[in-house]
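A.B. asks: Here the UniProt record's numbering is used: the first residue of the sequence shown is 1, the next is one more, and so on.
Okay, here's the structure, questions in a sec.
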Amino acid sequence: MKEGKQRQWDAGKQDITSFPVSEVREAQKAKIMLPCVIVVFVLLSCACGENPAVQVILTNKGLQYGKHEGTGWIQEKLEQITLPDISGSVNIYIGRVDYTLSGVTITKCDLPEPSVEFVQQRGLTTSIAGLSFALTGEWRTRFYGIHDSGSFNMAIFNIDVTSDVQLGSDAGGHLSVSSINCKASVGDVAIQFSGGARYRETPPKQNKNKQRDLSTPLRCQDVKSVFFYVHSLIFQPFVKCFKGHIIGKIQSQICTEVENSIMSLDHHLQAMNVSFDVNEVLNFDVPLTGIPDIEPSNMKLGFKGEFNSIKTHKEPPFVAQEFILPELAGYMLSVGISEFTLNSASFGYFSAGELQALINDSMIPPYIPFRLNTSSMGAFIPQLPKMYPGLLMNLQVNAREAPVFSFQPGSGILDVHIVIKTTAIEANGTQVPLFTLYIDSSFTSKMMIADGKLKGSVMFDKYALNMYQNEIFDTQMGPSEIGVFMTDALERGIKSGMRMALAKLNAKLGEGIILPRMKHAQLVNTVLKMEKGFVAIYSDVQTLLTDRSSYLSTSYLSEKL
1 MKEGKQRQWD
11 AGKQDITSFP
21 VSEVREAQKA
31 KIMLPCVIVV
41 FVLLSCACGE
51 NPAVQVILTN
61 KGLQYGKHEG
71 TGWIQEKLEQ
81 ITLPDISGSV
91 NIYIGRVDYT
101 LSGVTITKCD
111 LPEPSVEFVQ
121 QRGLTTSIAG
131 LSFALTGEWR
141 TRFYGIHDSG
151 SFNMAIFNID
161 VTSDVQLGSD
171 AGGHLSVSSI
181 NCKASVGDVA
191 IQFSGGARYR
201 ETPPKQNKNK
211 QRDLSTPLRC
221 QDVKSVFFYV
231 HSLIFQPFVK
241 CFKGHIIGKI
251 QSQICTEVEN
261 SIMSLDHHLQ
271 AMNVSFDVNE
281 VLNFDVPLTG
291 IPDIEPSNMK
301 LGFKGEFNSI
311 KTHKEPPFVA
321 QEFILPELAG
331 YMLSVGISEF
341 TLNSASFGYF
351 SAGELQALIN
361 DSMIPPYIPF
371 RLNTSSMGAF
381 IPQLPKMYPG
391 LLMNLQVNAR
401 EAPVFSFQPG
411 SGILDVHIVI
421 KTTAIEANGT
431 QVPLFTLYID
441 SSFTSKMMIA
451 DGKLKGSVMF
461 DKYALNMYQN
471 EIFDTQMGPS
481 EIGVFMTDAL
491 ERGIKSGMRM
501 ALAKLNAKLG
511 EGIILPRMKH
521 AQLVNTVLKM
531 EKGFVAIYSD
541 VQTLLTDRSS
551 YLSTSYLSEK
561 L
């Protein structure tokens, strides 16, 4: 029997060693690489599978409103600015005339409302047709040692520009913009030069039949004649050539400046913070979780939307769940905030140790008959004033775990689990432990937005008081440092106190809490809806009349013109 097994073993060894060496090595490589491949797939699934906790939808209505408001504002501000100097040179066949146009201001601007549209899975396309400007300023020319100057009026007619912009996101979660196409044309330019030697004085008339005596010195009148003759050789060709020159110069620079402006905007977007401190406890991470989802009717953006503790930097032990923000027709803007965002804030406060409070008698309003001392507490625990007569008490309240928010259609739910440790304060300041309470409670809320205010109501859903942590069954008695006592009266007392607090909260929510306003805009016609797993806010936007002249950029009419 043993010999048979030995022969099988020897045969097996022979089969293994009979494999080609290359195949054995490949098998060993595969064995080593398999865990690496698994790790890569896991990392990719984590990186690519992050669900946005905050979603924003900008509709075509919002895009068109922004375009309309921006067009009127730009036209108003353009007439209040002075443009940079415009310099160049014009070839007049006998040389080049250098020129500078300075102090250029826009006296009139005919700015037709541009066309702006979403382009599916790409970005935006913008176009403007028939843009016209009227300009005024000072001119200077130089041709070798000959200088001249004066004023001018210029009109630029029928500028047409079309630009296609790609929208995306970078590795850091910033929105990115890039120019992918630009076309521009200028219809016509009319310019009128004033002043200068050409216009200051009429050249003296010469007698064609009279011969000048070359032996006599030149008179002033003769010098003027020569000057005007030379000047006419320079300035008149300059004026003729300038129109075509300036049309070509403007036309060649429009797309360059449009692309530079888009690049400048992209650099600004890359410099924006996607994580910022909310207060001394929390910071808020809002990078994009993917590229914008663009359709002809809207653009959808997904953000991480996670709060973290500045102190502990602990990641919450849960992840954002996928949700679909439904569109509501007729609104400019839609915002969806998942319960993950609120729960990450709750966990951030909890992990930082902020969800705790020490309550003493001085914090109870004077009009409340109940005082935080052993005498008042004797109504609920009879043996307490006998054991510790006339002593003040402290309540140390701590969250046992992070409060949990959840949303259901039409309502929101908050689950809170706290522990209350009570102590009596002796005359020498010593705190004597009395008893510990574990309270599990649940609140249901209904919220709405009306008249620019957050309104609603909060009510009890569930409530349980136990003397043991993680108590499964309700109990009416419990052990403590002061012995066993009935808890039903204490439970009723705490419930009454919480109802009083809820009544004050509901009175405030009934009046409404004014929503924060943005610097240059406010939300109007706002609707709030609670859905399963998230809350949705639909709103229009109204711009506010403020001085924003410092934001106006004139780079597109820079000195490169």
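Note that beta-carbon positions come from the ideal geometry of N, C-alpha and C, so glycine has one too.
Only a predicted model underlies this, so the values are computations on that prediction, with no experimental measurement involved.
#1: For V524, count neighbouring C-beta atoms within 10 Å of its own C-beta (all shown protein chains included) and say buried if the count is 16 or more, exposed if not.
#2: Once the 5 residues before and after T136 are set aside, which same chain residues still bring their CB inside 8 Å of it?
#3: In this structure, what does DSSP give as the bridge partners for V90?
#4: Tell whether a beta-carbon distance below 8 Å holds between F307 and L282.
#5: On the three-pair Cβ rule with 8 Å, is the stretch 264-283 touching the stretch 163-181?
#6: Are the CB atoms of Y93 and V541 within a distance shorter than 8 Å?
#7: Report yes or no: do the stretch 120-130 and the stretch 288-301 share at least 3 C-beta pairs separated by less than 8 Å?
#8: Would you be able to state if there are at least three C-beta pairs under 8 Å between the stretch 390-401 and the stretch 350-363?
#9: Can you check which of these residues, K304, P516, E426, is closest to G452 by C-alpha distance?
#10: Buried or exposed: S334, going by 16 or more other Cβ atoms within 10 Å of its Cβ?
#11: Rank G244, E531, I156, Q251 by C-alpha distance to the C-alpha of G412 and give the top, closest one.
#12: Let me know the secondary structure DSSP gives K300 once reduced to three states.
#13: Shortest alpha-carbon distance to E354 belongs to which of N398, M332, N506?
#14: So what does DSSP say about T374, is it helix, strand or coil?
#15: Measure the C-alpha to C-alpha separation of Q383 and S480 and round it to an integer number of angstroms.
#16: Just mark A427 as buried or exposed, buried being the case when its beta carbon has 16 or more other beta carbons within 10 Å.
#17: Among I449, F443, P409, P433, which residue has its Cα nearest to the Cα of D415?
#18: Could you have a look at N260 and say whether DSSP puts it in helix, strand or coil?
#19: For a quick check, are the C-beta atoms of G88 and K243 less than 8 Å apart?
#20: Hey, A129 and D110: beta-carbon distance below 8 Å or not?
#21: Check whether the stretch 332-349 touches the stretch 309-318, counting contact only when three or more Cβ pairs, one atom from each stretch, lie closer than 8 Å.
#22: I believe K462 touches G410 by the beta-carbon criterion, under 8 Å. Please report the beta-carbon distance rounded to the nearest angstrom.
#23: Taking the C-alpha atoms as reference points, what is the distance between Y99 and C241?
#24: Starting from the Cα of residue 565, find the closest Cα among H147, I449, M459 and give me that residue.
C.D. replies: In terms of the structure at hand:
#1: The sequence position of residue 524 within the sequence shown is 524, counting from 1. Around the beta carbon of V524, a 10 Å sphere encloses fewer than 16 other beta carbons of the protein chains shown; the residue is thus reported as exposed.
#2: Residue 136 sits at position 136 when you count from the first residue of the sequence shown. If we look at T136 and ignore the five residues flanking it on each side, its Cβ neighbours are V104, T105, T107, S151, F152, N153, M154.
#3: Position 90 of the sequence shown, counting from 1, holds the residue named residue 90. Residue pairing from DSSP places V90 in a beta bridge opposite V97.
#4: Sequence index remark: in the sequence shown, residue 307 carries index 307 (1-based). Sequence index remark: in the sequence shown, residue 282 carries index 282 (1-based). In this structure, L282 lies closer than 8 Å to F307 by Cβ.
#5: yes
#6: Taking the sequence shown and counting its residues from 1, one reaches residue 541 at position 541. Taking the sequence shown and counting its residues from 1, one reaches residue 93 at position 93. Taking 8 Å as the Cβ cut-off, V541 and Y93 do not qualify as a contacting pair.
#7: yes
#8: yes
#9: Start at 1 with the first residue of the sequence shown, and residue 452 comes out as number 452. Checking every option, the nearest Cα to that of G452 belongs to P516.
#10: By one-based count along the sequence shown, residue 334 stands at place 334. Flag for S334 reads buried.
#11: Counting from 1 along the sequence shown, the entry for residue 412 is found at position 412. Ranking G244, E531, I156, Q251 by Cα distance to G412 puts E531 first.
#12: On the sequence shown, residue 300 is found 300 positions in, with the first residue counted as 1. In the structure shown, K300 falls within a strand segment according to DSSP collapsed to helix, strand and coil.
#13: Looking up residue 354 in the sequence shown gives position 354. Comparing Cα positions, the closest option is N398.
#14: On the sequence shown, position 374 is the one that residue 374 refers to. Here DSSP, grouped into helix, strand and coil, assigns T374 to helix.
#15: Numbered from 1 along the sequence shown, position 383 holds the residue referred to as residue 383. Numbered from 1 along the sequence shown, position 480 holds the residue referred to as residue 480. About 12 Å.
#16: Taking the sequence shown and counting its residues from 1, the one referred to as residue 427 is at position 427. With fewer than 16 Cβ atoms within 10 Å of its Cβ, A427 is classed as exposed.
#17: Along the sequence shown, read from residue 1 onward, the residue named residue 415 stands at position 415. The residue with the shortest Cα to Cα distance from D415 is F443.
#18: Numbered from its first residue, the sequence shown carries residue 260 at position 260. Three-state result, N260: helix.
#19: Position 88 of the sequence shown, counting from 1, holds the residue named residue 88. Position 243 of the sequence shown, counting from 1, holds the residue named residue 243. For G88 and K243, no; Cβs fall outside 8 Å.
#20: Translated into positions along the sequence shown, residue 129 becomes position 129. Translated into positions along the sequence shown, residue 110 becomes position 110. No, they are not a contact pair.
#21: yes
#22: Working through the sequence shown from its first residue, we reach residue 462 at position 462. Working through the sequence shown from its first residue, we reach residue 410 at position 410. K462 to G410, Cβ: 18 Å. No contact.
#23: The count along the sequence shown starts at 1 and reaches residue 99 at position 99. The count along the sequence shown starts at 1 and reaches residue 241 at position 241. Y99 and C241: Cα-Cα distance of roughly 12 Å.
#24: An answer regarding residue 565 cannot be provided, because it is not within the stretch 1 to 561 covered by the chain.
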